[in-house]
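Colleague:
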Amino acid sequence: GEDVEQSLFLSVREGDSSVINCTYTDSSSTYLYWYKQEPGAGLQLLTYIFSNMDMKQDQRLTVLLNKKDKHLSLRIADTQTGDSAIYFCAEKSPGTYKYIFGTGTRLKVLA
Amino acid sequence: GAVVSQHPSWVICKSGTSVKIECRSLDFQATTMFWYRQFPKQSLMLMATSNEGSKATYEQGVEKDKFLINHASLTLSTLTVTSAHPEDSSFYICSAREGLAGGPVTGELFFGEGSRLTVL
Chain A
1 GEDVEQSLFL SVREGDSSVI NCTYTDSSST YLYWYKQEPG AGLQLLTYIF SNMDMKQDQR
61 LTVLLNKKDK HLSLRIADTQ TGDSAIYFCA EKSPGTYKYI FGTGTRLKVL A
Chain B
1001 GAVVSQHPSW VICKSGTSVK IECRSLDFQA TTMFWYRQFP KQSLMLMATS NEGSKATYEQ
1061 GVEKDKFLIN HASLTLSTLT VTSAHPEDSS FYICSAREGL AGGPVTGELF FGEGSRLTVL
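Note that the protein sequences, when read in sequence, are chains A and B.
Under the working numbering, the first residue of the first sequence carries the number 1, and numbering increases by one thereafter.
Under the working numbering, the first residue of the second sequence carries the number 1001, and numbering increases by one thereafter.
1. Is any beta-carbon of chain B found at less than 9 Å from that of Ala85/A?
2. Tell me the DSSP secondary structure of Glu1087/B in three-state form.
3. Just reading off the beta strand (DSSP E) that Arg50/A is part of, what are its end residues?
4. Can you pull the chain B residues whose beta carbon is under 8 Å from the beta carbon of Phe88/A, in chain order?
5. Counting only the same chain and skipping the five closest in sequence on each side, list residues whose C-beta sits under 6 Å from that of Arg106/A.
6. Please report how far the alpha carbon of Leu1026/B lies from the alpha carbon of Lys56/A, in whole angstroms.
7. Would Ala1101/B count as contacting chain A if we go by Cβ distances under 9 Å?
8. If we ignore side chains and look at the alpha-carbon of each, how far apart do Ile76/A and Pro1086/B end up?
9. Would you grab the beta carbon distance between Ser1009/B and Glu1113/B for me? Rounded to a whole angstrom, and I think it's under 8 Å.
Printed below as a string of C-alpha cells:
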C-alpha cells in the first residue's frame, strides 16, 4: 500500500526543538521530502533526503531516515513562531513523479 | 527557485456554473504538471497528471468529465471544474516539474499558491 502517516498535531515553546515524525510504507521510494504549508498557501519545499542517506542537515533542519523501519523525521532547532505551519512528508514513487503525501502535522509554536 | 503561479487564488461561483483555474510555470518549462485537491485539515489528494500535448492521466475515483484538464503549452495547465456543486468546494493546488533539460536531479516539484473554490 501507499500510506504515509504523521501525527496530526505538535505544540512546542519558542526556542525549543521540534521533532515531526513520518512513517511510510513504500520501501522502494527513492526520495523523501518535507514540505511546509502556511495557512491558505501552497507548499514550500523545506528539504529532501535521498534513500541511501541516513541523515541530512540544513541549517536549523535535520532530517533522519531509518530505512529499515521506514521512518522519517524532521527536527527543527530553535523553533520560532514563524515556523508555525502544517508540515507534510512525501515520498516519491520510483519511476514516476507521483508524490504520496502524509496526513500533515500541524505545528504550533507558543511564544 | 522556479516559480509556479495559480490564478485565481480565490473564486466563488454559483452551483451549476463552470470554473477554470490556471497553473503557470513562470520561469521554466513544465512538461508535466499535477493537480491536487486538499480538504480542510487534510492532506493533498492527487487528482491527475497533466502532460503537455497529451491527455491527462486521472487518479482512480476522479471524474475526468467533471474535472477537465488541458495542458496546451509548456508553461500552462488549466483545470476546469464543470457544473460545479457545493461538494466541489475545496483548495486546489497545482505543481510542476521542470523539463528534462537542466531539470533538477531530485525530481523536485514546485507548487503553486493554491486556488480556493467555494461553490454556493
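The beta-carbon is built from N, C-alpha and C at its ideal position, and this holds for glycine as well.
As the structure is a prediction and not an experimental result, all values here were calculated from the model.
Modeller: Reading from the atomic positions:
1. no
2. helix
3. According to the sequence shown, residue 50/A is Phe rather than Arg. 43-50 is the extent of the beta strand (DSSP E) around Phe50/A.
4. Ser1043, Leu1044
5. Phe9, Ile86
6. 30 Å
7. Residue confidence is low: Ala1101/B scores 41 on pLDDT, short of 50, so the model does not pin down where it sits. No coordinate-derived value is stated.
8. 39 Å
9. 6 Å
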